[in-house]
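First the structure, in the form of structure tokens, and then the observations on it.
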Amino acid sequence: MDIKNLISQMTLEEKAGMLNGLDFWHLKGVERLGIPSVMVSDGPHGLRKQASEADHLGLNEAVPATAFPTAAGLACSFDRELVGEVGQALGDICQQEDVSVILGPGCNIKRSPLCGRNFEYFSEDPFLAGEIAAAHINGVQSKNVGTSLKHFAMNNQEHRRMSTSVVCDERTKREIYLTGFEKAVKQGKPWTVMCSYNKIGGVYSSENRRLLTDILCDEWGFDGYTMTDWGACCDHVAGIKAGLNLCMPSLGDDADRQVVEAVRAGKLDEKVVDEAVEKILNIVYRYVENRKPDPDFSLGQQHHLARKVARESAVLLKNNGVLPLKSAGSIAFIGAFAEKPRFQGGGSSHINAYEITSALDAVRSVAQVRYAKGFEAESNDVDPALMAEAVALAKESDVAVLFLGLPDTFESEGFDRTHMRMPDCQLELIDQVTKVNKHVVVVLHNGSPIEMPWVDKVQAILEMYLGGQAVGGAAVDLLFGAVSPCGKLAETFPMRLEDNPSYLFFPGDGDTVEYREGLYVGYRWYDAKHMAVRYPFGYGLSYTTFEYSNLKLSAETLAPDGTLTVCVDVKNTGNVGAKEIVELYVHSAHEGISRPVQELKGFEKVYLAPGETKTVAMTLDRRAFSYYNTDIADWYAEDGAYEIRVGASSRDIRLCACVTLTGAKPLPVRVTGDSTLGDILTIPGAMQVLAPVLAPMQQTFGGGEAGASDSSMGESGDQMMQAMIKYMPLHAMKSFSNGAFTDQMMQGIIQALNDMQK
Ligand code: BGC
Numbered sequence: 009m010d011i012k013n014l015i016s017q018m019t020l021e022e023k024a025g026m027l028n029g030l031d032f033w034h035l036k037g038v039e040r041l042g043i044p045s046v047m048v049s050d051g052p053h054g055l056r057k058q059a060s061e062a063d064h065l066g067l068n069e070a071v072p073a074t075a076f077p078t079a080a081g082l083a084c085s086f087d088r089e090l091v092g093e094v095g096q097a098l099g100d101i102c103q104q105e106d107v108s109v110i111l112g113p114g115c116n117i118k119r120s121p122l123c124g125r126n127f128e129y130f131s132e133d134p135f136l137a138g139e140i141a142a143a144h145i146n147g148v149q150s151k152n153v154g155t156s157l158k159h160f161a162m163n164n165q166e167h168r169r170m171s172t173s174v175v176c177d178e179r180t181k182r183e184i185y186l187t188g189f190e191k192a193v194k195q196g197k198p199w200t201v202m203c204s205y206n207k208i209g210g211v212y213s214s215e216n217r218r219l220l221t222d223i224l225c226d227e228w229g230f231d232g233y234t235m236t237d238w239g240a241c242c243d244h245v246a247g248i249k250a251g252l253n254l255c256m257p258s259l260g261d262d263a264d265r266q267v268v269e270a271v272r273a274g275k276l277d278e279k280v281v282d283e284a285v286e287k288i289l290n291i292v293y294r295y296v297e298n299r300k301p302d303p304d305f306s307l308g309q310q311h312h313l314a315r316k317v318a319r320e321s322a323v324l325l326k327n328n329g330v331l332p333l334k335s336a337g338s339i340a341f342i343g344a345f346a347e348k349p350r351f352q353g354g355g356s357s358h359i360n361a362y363e364i365t366s367a368l369d370a371v372r373s374v375a376q377v378r379y380a381k382g383f384e385a386e387s388n389d390v391d392p393a394l395m396a397e398a399v400a401l402a403k404e405s406d407v408a409v410l411f412l413g414l415p416d417t418f419e420s421e422g423f424d425r426t427h428m429r430m431p432d433c434q435l436e437l438i439d440q441v442t443k444v445n446k447h448v449v450v451v452l453h454n455g456s457p458i459e460m461p462w463v464d465k466v467q468a469i470l471e472m473y474l475g476g477q478a479v480g481g482a483a484v485d486l487l488f489g490a491v492s493p494c495g496k497l498a499e500t501f502p503m504r505l506e507d508n509p510s511y512l513f514f515p516g517d518g519d520t521v522e523y524r525e526g527l528y529v530g531y532r533w534y535d536a537k538h539m540a541v542r543y544p545f546g547y548g549l550s551y552t553t554f555e556y557s558n559l560k561l562s563a564e565t566l567a568p569d570g571t572l573t574v575c576v577d578v579k580n581t582g583n584v585g586a587k588e589i590v591e592l593y594v595h596s597a598h599e600g601i602s603r604p605v606q607e608l609k610g611f612e613k614v615y616l617a618p619g620e621t622k623t624v625a626m627t628l629d630r631r632a633f634s635y636y637n638t639d640i641a642d643w644y645a646e647d648g649a650y651e652i653r654v655g656a657s658s659r660d661i662r663l664c665a666c667v668t669l670t671g672a673k674p675l676p677v678r679v680t681g682d683s684t685l686g687d688i689l690t691i692p693g694a695m696q697v698l699a700p701v702l703a704p705m706q707q708t709f710g711g712g713e714a715g716a717s718d719s720s721m722g723e724s725g726d727q728m729m730q731a732m733i734k735y736m737p738l739h740a741m742k743s744f745s746n747g748a749f750t751d752q753m754m755q756g757i758i759q760a761l762n763d764m765q766k
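FYI, the numbering for the sequence shown is 9 to 766, going by our numbering.
The structure is reproduced here in structure tokens:
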């Protein structure tokens, strides 16, 4: 389709109409020109296509579809290929249901474990979030259906999500909150991006030119269309000027009129409207010209895939040897979630699951178990009769498997949690059951971390997250050892809520939330503070053991445009075949710039038969070593030594090696009277320019870089002088030169030093 030609035939009214939805889920078409009206629908871990009554809160029925594990679980698979398979399955069903774009994935960072929507987000770590989001996008889009990467950006809480304004420094934005989106945009090339409800620095994301145009399009090369979150459009014309292309759902005819009037009044350039329409039509036609209305799949096949994905995403948190269970012996399944698993979260991602497998259904073909409900799933209060029945059953059984988790009333889109506790009735159940049975296994169904004061009382804990419609089958597969658990945590489980870095600043005051913890989100904080955590980032057990050896780097040095390949041998030293996730962290210890102790920069997942060894390779480029330098508004890695750490979790580093970075362009030092001599002396050639200043200093202070010392304090006095001079601002030299160093001389030196760096 010749889109430009098509646009040239459109009236201004028709073009304005394209920038504002038709209804809740459709874009407008233009019948006269044959432009079709296409549909967008929610995801991201299953299709939520509403047939009739539309809402964005997941209230009204949608067509039956497959519910895969939600993002919180998916990320724990650390498996790009598997997430890609989920994406393909989503693409298939979108083709079947004629949905042009599925609204997701969500790539927001889990700043606080309290965010009600954490189950829809991948990780506290931007590298992992970005890699998994890109895999999801590539999977869906391989079926010629678009994704909408959301919620761009900094929608890290539900509290006052439509009005709150985020205050955050630029470096933190770039390194923590934007990196995942950047990766997803560059590696996944999403067809659309959905902006967040909130404001950033007082400007709504939907009107934020810096975000939507400067960063997303100009810096990252995004070429699809941007849309609002549902109801996030405040000033339609201001949005379009800033780089917003589509407002959803429809604002009605008034919004079209506003655009037309703004163009006619010369307040909005028609070229801007044309460009927005072009972006939308490019995507509309990419979809309609590649329709495949009869994709080759069945919901039955997708159910199998959902079970596999849930298995590969689950994380074994504790195992004193009770797992895997033996089919013989008396086993009790206790807890309402054994019968009716909580497998997805509430809100716009809520899917009408086509089939649900509970653990009770699945276990029938594996072992005989007896069941007691124990508590009402949605309740916080103890039901004495259910409790008594459960405790009696546990007492008579060899093993008691408790199916626990958070109810919908505890976590959902639309509100945040206020604590990390499980319902009282479940805590009481653990307490009572562990008093009568010494082999207690807990299977968890939750979208985000909980506090586990009971951890030492139970023998095993299997974290299923919100594991999708086949979660019960997956739990049984893992409990009985049909496969070994192989997921690892994509977020830290802190000991208690108060340990979390955002604790004092979440969810903010009124309509302002300040991200005062800065870069130190998740493990970056716990590691820097050497804090004990319940379970660290990247942690997960297996039914086998792995040995790491032979860490090798492809080179000892890394130049700016080079890459470094890191290879490590991993051996399965146990008796069962299983997958291992190998994690790579970079540690930098350079003076003068605050950096997290270590940051995830690579991961791979491999299957190993018993006794088998494989070499795992991961590639790093300069960016993996860089921080965001706000002076140059770019990523920067200083020359020098960096440590490559390879291990089984962020707190289980097995091997380390060093690489030296070379060839960095020196950072320009913007010299003013306030610049310190130490900073100035990092400029090559600065010594000559400063010589006239340093000479009198030599007499006043002695020592330092300016000359030899005759200090009576000997070597330590020398060092003190050096340190003092290093942090002495240039203007202070005027006071120590007996009038020889004048203001005029200082200005000349400043000029010369700045000119030298041009
Ligand atoms: C959510 C989006 C969702 C949209 C449409 C909004 O409330 O924030 O994630 O895609 O509704 O349902």
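The beta carbon of each residue, even a glycine, is placed where N, CA and C say it ideally should be.
**Q.** Neighbourhood of residue 712 by C-beta distance below 6 Å, restricted to the same chain and skipping five residues each side
**A.** Its pLDDT being 44, under 50, residue 712 is placed unreliably in this model, and the value from its coordinates should be taken loosely. These residues qualify, in order along the chain: 729, 730 and 733.
Q: Report the partner residues of residue 622 according to the DSSP bridge assignment.
A: Residue 622 is bridged to 578.
Q: Just the C-alpha distance for residue 225 and residue 600, rounded to the nearest angstrom, thanks.
A: The alpha-carbon of residue 225 is positioned some 33 Å away from that of residue 600.
Q: Please list the segments of the beta strand (DSSP E) lying wholly inside the region 549 to 575, counting only runs of 3 or more residues, in order along the chain.
A: The beta strand (DSSP E) runs lying completely inside the region 549 to 575 and spanning 3 residues or more are 554 to 561, given in chain order.
Q: Could you pull the start and end residues of the beta strand (DSSP E) that residue 471 belongs to?
A: Run containing residue 471: 468 to 471, per the beta strand (DSSP E) assignment.
Q) How would you label residue 716, buried or exposed, when you count the other beta carbons within 10 angstroms and need 16 or more for buried? A) Low confidence applies to residue 716: its pLDDT is 41, below 50, so where it sits in the model is not reliable enough to give any reading.
Q: Decide if residue 495 is buried, meaning its Cβ has at least 16 other Cβ atoms within 10 Å, or exposed.
A: Under a 10 Å Cβ-count criterion, residue 495 is classified as buried, with 16 or more other Cβ atoms of the shown protein chains found around its own Cβ.
Q: Verify the contact flag: residue 159, CB atom, against every heavy atom of the ligand BGC, threshold strictly below 7 Å.
A: Checking every heavy atom of the ligand BGC against the Cβ of residue 159, one is found closer than 7 Å.
Q. Roughly how many angstroms separate the alpha carbons of residue 373 and residue 307, rounded to a whole number?
A. Spanning the two alpha carbons is a distance of roughly 22 Å.
Q: Confirm the yes/no value for this check: CB of residue 213, any heavy atom of the ligand BGC, distance under 7 Å.
A: Not so, every heavy atom of the ligand BGC lies at least 7 Å from the Cβ.
Q) For residue 573, which of 681, 630 and 545 has the nearest alpha-carbon? A) Per the Cα distances, 630.
Q. Alpha carbon to alpha carbon, how far is residue 130 from residue 83?
A. Cα to Cα, the separation comes out at about 5 Å.
Q | In DSSP terms, what residue 187 is bridged to | A | None, per the DSSP bridge assignment.
Q) Which one of 208, 639, 162 and 202 has the shortest CA to CA distance from residue 230? A) Selected option, being the one with the closest Cα: 202.
Q. Under the criterion of a Cβ to heavy atom distance below 7 Å, does residue 108 qualify as lining the ligand BGC?
A. The answer is no for residue 108.
Q: Have a look at residue 186 and residue 356 and give me their C-alpha separation to the nearest angstrom.
A: In this structure, the alpha-carbon of residue 186 lies about 23 Å from that of residue 356.
Q: Measure the beta-carbon distance from residue 98 to residue 51 and round it to whole angstroms, keeping in mind my assumption that it falls under 8 Å.
A: Cβ atoms of residue 98 and residue 51 come within 8 Å of each other, at about 6 Å.
Q: Identify the continuous beta strand (DSSP E) that holds residue 11 and give its terminal residues.
A: Note, residue 11: premise wrong, no beta strand (DSSP E); alpha helix (DSSP H) at 11 to 16.
Q | Separation of residue 69 from residue 543, as counted between CA atoms | A | Residue 69 has its alpha-carbon roughly 38 Å from the corresponding atom of residue 543.
Q) If we ignore side chains and look at the alpha-carbon of each, how far apart do residue 78 and residue 473 end up? A) Rounded to whole angstroms, residue 78 to residue 473 spans 8 Å at the Cα level.
Q. Exposed or buried, what is residue 747 when buried is set at 16 or more other beta-carbons lying within 10 Å of its beta-carbon?
A. Of the other Cβ atoms in all chains shown, fewer than 16 fall within 10 Å of the Cβ of residue 747; this residue is therefore exposed.
Q.
Less than 8 Å between the C-beta atoms of residue 169 and residue 206, yes or no?
A. Their beta carbons are under 8 Å apart, which means residue 169 touches residue 206 by this criterion.
Q.
With three or more C-beta pairs closer than 8 Å as the rule, is the region 216 to 225 touching the region 148 to 157?
A. Contact between the region 148 to 157 and the region 216 to 225 is absent: fewer than 3 CB-CB pairs across the two stretches fall below 8 Å.
Q.
Tell me whether the region 132 to 151 and the region 105 to 121 touch, counting them as touching only if at least three CB pairs, one residue from each stretch, are closer than 8 Å.
A. Yes: the two stretches touch, three or more of their Cβ pairs being nearer than 8 Å.
Q) Any heavy atom of the ligand BGC closer than 7 Å to the Cβ of residue 238? A) Under cutoff, so the answer is yes.
(Q) Between residue 663 and the ligand BGC, is there a pair consisting of the residue's CB and a ligand heavy atom that are separated by less than 7 Å? (A) A distance criterion of 7 Å places the beta-carbon of residue 663 beyond contact range of the ligand BGC, judged by its closest non-hydrogen atom.
Q.
Just to check my reading of the structure: residue 697 and residue 761 have Cβ atoms closer than 8 Å, yes? What is that Cβ distance to the nearest angstrom?
A. The C-beta separation of residue 697 from residue 761 comes to about 6 Å, placing the pair in contact by the 8 Å criterion.
Q. What number of angstroms, rounded off, separates the C-alpha of residue 736 from the C-alpha of residue 118?
A. Cα to Cα, the separation comes out at about 41 Å.
Q: Put residue 643 into one of helix, strand or coil per three-state DSSP.
A: Three-state result, residue 643: strand.
Q) What first and last residue would you give for the alpha helix (DSSP H) that runs through residue 319? A) Per DSSP, residue 319 belongs to the alpha helix (DSSP H) from 307 to 321.
Q: Kindly identify the DSSP beta-bridge partner or partners of residue 593.
A: DSSP, once it has assigned bridges, lists 608 and 653 as partnering residue 593.
Q) Does the region 404 to 424 touch the region 441 to 454, meaning 3 or more C-beta pairs lie closer than 8 Å? A) Contact holds: three or more Cβ-Cβ distances are below 8 Å.
Q. Between residue 687 and the rest of its own chain, which residues show a CB-CB distance below 6 Å, the 5 nearest in sequence each way excluded?
A. Within the same chain, residue 687 has close Cβ partners 677.
Q.
Given this structure, state the Cα-to-Cα distance separating residue 617 from residue 662, to the nearest angstrom.
A. Using only the alpha carbons, I get a separation of about 21 Å.
(Q) Measuring only from the beta carbon, is residue 111 closer than 7 Å to any heavy atom that is part of the ligand BGC? (A) Indeed, a heavy atom of the ligand BGC lies less than 7 Å from the Cβ.
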